[in-house]
Amino acid sequence: MQLCIGMKKLILNLFAICLIAASCSAFVRIDGLTFTVADAAYFHSSSTTPLPNLAEVGEMYYGGAEEQARGMSEFDITGLTLPAAKAYVQFEVVNDGGLFFTNDFSFDGNIAAEMYRGNNTEDLTDFWIPSFVQVADISTTGLMVGQTLMVEVTEALNYAMSKGDSALGIRLQADPLYYVNGGAWTFGDFEMLYTAVPEARTTGALALVGLGVMLFALRRRRLA
């Protein structure tokens, strides 16, 4: 009886290990190209500014004028396999304020996360480029610096791949636009997590491993 119980545990453990190994091998992390555009006119954050790789969302008053900031991040999807089983974009709250002293305070409201067809380039026109889906409406209530946010983008990624796009972009903007009293939020560490649909040969290999373990267990049981 003890041998039988032990073999059952062995079978379950080995099968679990195989499943985990298969999942890990199909799991891909893609760093985002992150930047901020103000009023479609200039960058608050880009690879050429003193504060790169940051997505600022909100407003800023400068010289008596008001400007709006929208944060973007683009992910290189060339070489990914269609379709994706699951895909997420995660990012971190870097500052409960903007990138400048005039807007270094937060606003209370919502932030829309919209997906657009990217090109792996920091473009001023990404400020207003049409999005094809909104994947989240994030409330700023309770947001804390250091908090990690995650939104699912599986359908958006599959759509972009089906169109042959080189990149998938996410844009964060105040919702509704403006009316945030000059405040802002800043996000960073954008990353896309992608899991491909398992190939038939992977599934078959797992089945063979499981069958082999079961046959081994039965043989041991007969010899016992």
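Sequential numbering from 361 applies to the sequence shown in the working numbering. Just so you know, even glycine gets a beta-carbon here, dropped at the ideal spot from N, CA and C. Every value quoted in this text rests on a predicted model; they were computed, and no experiment measured them.
Thinking C-alpha only, which one of the options is nearest residue i?
{"i": "residue 489", "options": "412, 478, 548, 446", "result": "478"}
{"i": "residue 492", "options": "535, 405, 519", "result": "519"}
{"i": "residue 393", "options": "532, 460, 550", "result": "550"}
{"i": "residue 459", "options": "419, 437, 487, 471", "result": "419"}
{"i": "residue 505", "options": "454, 557, 427, 539", "result": "454"}
{"i": "residue 438", "options": "557, 533, 517, 536", "result": "517"}
If we ignore side chains and look at the alpha-carbon of each, how far apart do residue i and residue j end up?
{"i": "residue 446", "j": "residue 543", "result": "34 angstroms"}
{"i": "residue 525", "j": "residue 442", "result": "12 angstroms"}
{"i": "residue 429", "j": "residue 440", "result": "31 angstroms"}
{"i": "residue 465", "j": "residue 457", "result": "4 angstroms"}
{"i": "residue 424", "j": "residue 545", "result": "21 angstroms"}
{"i": "residue 522", "j": "residue 436", "result": "14 angstroms"}
{"i": "residue 328", "j": "residue 541", "result": "Summary: the structure shown does not reach residue 328, with the chain confined to residues 361 through 584, and so no result is reported for it."}
{"i": "residue 503", "j": "residue 557", "result": "33 angstroms"}
{"i": "residue 494", "j": "residue 412", "result": "25 angstroms"}
Could you tell me whether the Cβ atoms of residue i and residue j are closer together than 8 angstroms?
{"i": "residue 484", "j": "residue 498", "result": "no"}
{"i": "residue 529", "j": "residue 476", "result": "yes"}
{"i": "residue 472", "j": "residue 427", "result": "no"}
{"i": "residue 396", "j": "residue 444", "result": "no"}
{"i": "residue 593", "j": "residue 500", "result": "Missing from the structure shown is residue 593; the chain here goes from 361 to 584 and no further."}
Three-state secondary structure (DSSP) at residue i?
{"i": "residue 521", "result": "helix"}
{"i": "residue 383", "result": "Unreliable placement is indicated for residue 383, whose pLDDT of 46 sits below 50; no coordinate value is reported for it."}
{"i": "residue 547", "result": "strand"}
{"i": "residue 585", "result": "Because the chain is modelled from 361 through 584, residue 585 falls outside the range shown and cannot be assessed."}
{"i": "residue 400", "result": "coil"}
{"i": "residue 500", "result": "coil"}
Hey, does residue i have any beta-carbon neighbour from chain C nearer than 8 angstroms?
{"i": "residue 390", "result": "Absent here is chain C; the protein component of the structure consists of one chain."}
When every heavy atom of the ligand MN is checked, does at least one fall within less than 7 angstroms of the C-beta of residue i?
{"i": "residue 408", "result": "Looking for the ligand MN in the displayed structure turns up nothing, as the structure carries no ligands at all."}
Kindly provide the ranges of any beta strand (DSSP E) runs that are 3 or more residues long and lie completely inside the segment 429 to 491, ordered along the chain.
444 to 455, 470 to 478
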